[in-house]
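A short worksheet on the structure shown next.
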Ligand SMILES: Cc1cc2nc3c(=O)[nH]c(=O)nc-3n(C[C@H](O)[C@H](O)[C@H](O)COP(=O)(O)OP(=O)(O)OC[C@H]3O[C@@H](n4cnc5c(N)ncnc54)[C@H](O)[C@@H]3O)c2cc1C
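And the structure:
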């Protein structure tokens with residue numbers, strides 16, 4: 121069973137064929153989520169004649185892009201990590217670009233007939249226990265020192281009103297954020313990629329990657345040789361030996377309630393606002409157009425060796441834990457059941473920021489991963505960065521500070537044991553999901 125989102129978005133579409141025989145392309149993208157699809161579309165915008173093949177193990181949108189909470193956020197909440205990485209000027213540039221990116225995604229959907237339920241109703245970053253109050257202070261103070269006010273400070277009563285529950289003690293609001301139906305966006309991008317001449321191969325898992333000479337992506341029934349390979353694999357990138365220490369994989373579990381539109385109206389729950397709290401194992405939630413609440417929870421474990429198995433597919437083994445958290449935050453909805461649950465992997469990088477660039481210095485093989493649970497909005501910029509790198513264009517994206525070698529976590533078993541004993545430090549400050 122897949123996510124509710126993907127089931128809703130897939131209705132009636134035919135899958136693309138698998139890779140058969142030996143194929144040649146200018147660029148081969150591996151992974152058909154937001155990163156791979158935005159990269160493919162950007163390549164076609166910059167150089168319409170470029171021959172792009174995209175290889176996806178399942179169907180486009182089956183990974184995190186079709187399973188997530190649908191929060192389209194900027195990088196302002198990660199501003200301190202950005203500043204630490206690249207200094208104040210570049211951090212400001214990236215944070216502003218990520219905020220504009222949210223609006224650009226909405227405009228792109230409108231222009232291209234993608235009905236992804238884009239609602240720019242903001243993000244409420246809250247505290248649901250006294251210990252969480254002020255989790256945002258350092259970030260807001262630093263932004264304000266620099267003359268930026270991406271967040272509005274709200275009175276506690278107003279936070280409770282906007283979150284539609286008095287269990288919210290404090291919070292701030294980022295008006296530029298949005299929510300989407302993530303699988304509808306992924307499938308819309310897939311449709312456009314096909315229309316623009318991207319050759320798409322689904323049910324084609326990369327089994328081996330030749331790293332010498334022109335790289336070649338080997339799948340079960342064929343292979344693709346390309347001048348450039350772009351690995352848009354998200355958490356699955358952790359299986360590459362070069363990235364084994366760059367990522368820690370943690371699950372994020374989600375439930376969707378039955379539709380309760382009238383009860384949401386009674387609570388005066390504001391439209392498409394996305395909301396989360398500031399717990400170490402963060403809770404995040406939003407409503408859907410048909411009146412459900414989609415509620416997720418990050419950090420329910422850590423994966424040994426960063427390998428993702430079938431335990432990341434299907435229904436969530438922690439659905440009751442997630443449902444309990446929802447009922448605790450919304451006691452007046454304590455009788456509302458979950459209709460569906462699912463889960464997916466989060467590609468946590470050392471500083472909570474994504475990284476892009478050559479795989480271990482090989483310019484013919486590019487990689488982009490490490491969004492750390494905040495990739496719906498930022499993958500739009502990731503596509504620009506990877507397209508510039510693949511085409512060898514020396515622009516602001518190719519020279520971004522996010523084009524870098526990722527920091528390394530300790531080797532196994534220390535990483536696994538450390539992650540079990542000491543919760544990933546400052547997970548919340550840099551991770552939305
Ligand atoms: C439950 C959950 C909730 C989340 N909530 C949010 C949120 O609300 N807001 C937010 O910003 N971010 C959220 N995220 C993170 C966000 O979904 C990701 O950062 C984003 O989707 C990354 O896009 P991607 O294209 O890089 O990865 P993916 O969409 O995961 O794409 C990678 C693709 O690679 C394919 N693949 C894997 N191995 C192979 C192989 N060997 N060969 C070929 N293809 C392969 C996979 O099938 C997959 O389709 C959440 C993530 C999860 C799991």
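Numbering (our numbering), first residue to last: 121 to 553.
Think of the CB as a built atom: it goes at the ideal place given N, C-alpha and C, for glycine as much as any other residue.
Predicted model, so just to flag it, every value in this text is computed and none were measured.
Check                                                                                                                                                                           : Outcome
State the CB to CB distance for the pair residue 473 and residue 202, rounded to an integer number of angstroms; the pair is presumed to be in contact (CB under 8 angstroms).  : 7 angstroms
Under 8 angstroms, do residue 239 and residue 392 count as touching if we go by C-beta distance?                                                                                : yes
Given this structure, state the Cα-to-Cα distance separating residue 245 from residue 271, to the nearest angstrom.                                                             : 9 angstroms
Mind checking residue 334: buried by the 16 CB within 10 Å criterion, or exposed?                                                                                               : exposed
State yes or no: is the C-beta of residue 450 nearer than 7 angstroms to some heavy atom of ligand 1?                                                                           : no
CA-CA distance, residue 171 and residue 314?                                                                                                                                    : 12 angstroms
Taking a contact to mean a Cβ-Cβ separation below 8 angstroms, would you say residue 155 touches residue 488 in this structure?                                                 : yes
Please specify which runs of the beta strand (DSSP E), each continuous and at least 3 residues long, are wholly inside the region 284-308, giving them in chain order.          : 290-294
How far does the beta strand (DSSP E) with residue 464 in it extend, from its first residue to its last?                                                                        : 458-468
Can you give, in chain order, each stretch of the beta strand (DSSP E) that sits fully within the region 136-184 and has at least 3 residues?                                   : 141-150, 172-175
Decide if residue 132 is buried, meaning its Cβ has at least 16 other Cβ atoms within 10 Å, or exposed.                                                                         : exposed
Please specify which runs of the alpha helix (DSSP H), each continuous and at least 4 residues long, are wholly inside the region 372-407, giving them in chain order.          : 381-386
With which residues is residue 482 paired in a DSSP beta bridge?                                                                                                                : 479
To the nearest angstrom, report how far apart residue 158 and residue 277 are at their CA atoms.                                                                                : 40 angstroms
From which residue to which residue does the beta strand (DSSP E) around residue 415 run?                                                                                       : 413-418
How close, in whole Å, do the beta carbons of residue 417 and residue 442 come, if the pair is a contact with beta carbons under 8 angstroms?                                   : 5 angstroms
Quick test of the definition: if touching needs 3 or more C-beta pairs under 8 angstroms, does the region 291-307 touch the region 224-238?                                     : yes
Does the count of Cβ pairs from the region 211-220 and the region 356-369 closer than 8 angstroms reach three?                                                                  : no
Just grab the DSSP bridge partners of residue 342 for me.                                                                                                                       : 141, 339
Which residues in the same chain have their Cβ closer than 7 angstroms to the Cβ of residue 500, if we skip the five residues on either side of it in sequence?                 : 158, 221, 224, 225
Using a Cβ-Cβ cutoff of less than 6 angstroms, which residues in the same chain neighbour residue 485 once the five nearest sequence positions on both sides are dropped?       : 335, 349, 479
Nearest-angstrom Cα distance between residue 440 and residue 253?                                                                                                               : 26 angstroms
DSSP three-state call for residue 546: helix, strand or coil?                                                                                                                   : In this prediction, residue 546 has a pLDDT of 42, which is less than 50 and means its spatial position is unreliable; nothing more can be read from the coordinates.
Provide the residue(s) that pair with residue 349 in DSSP beta bridges, ordered along the chain.                                                                                : 148, 485
Go ahead and pull the three-state DSSP assignment for residue 125.                                                                                                              : helix
Pick helix, strand or coil for residue 409, following the three-state DSSP scheme.                                                                                              : coil
Using a 10 Å radius around the Cβ and a threshold of 16 neighbouring Cβ atoms, would you call residue 382 buried or exposed?                                                    : exposed
With a threshold of 8 angstroms between beta-carbons, can residue 488 be considered close to chain B, or not?                                                                   : Reference to chain B is not applicable here, since this structure consists of a single protein chain.
Is the separation between the beta-carbon of residue 148 and that of residue 175 shorter than 8 angstroms?                                                                      : yes
Evaluate the contact criterion for the region 431-439 versus the region 449-462: three or more CB pairs, one atom per stretch, below 8 angstroms.                               : yes
So, for residue 409: in the same chain, excluding its five sequence neighbours on each side, which residues have a beta-carbon less than 8 angstroms away from its beta-carbon? : 237, 301
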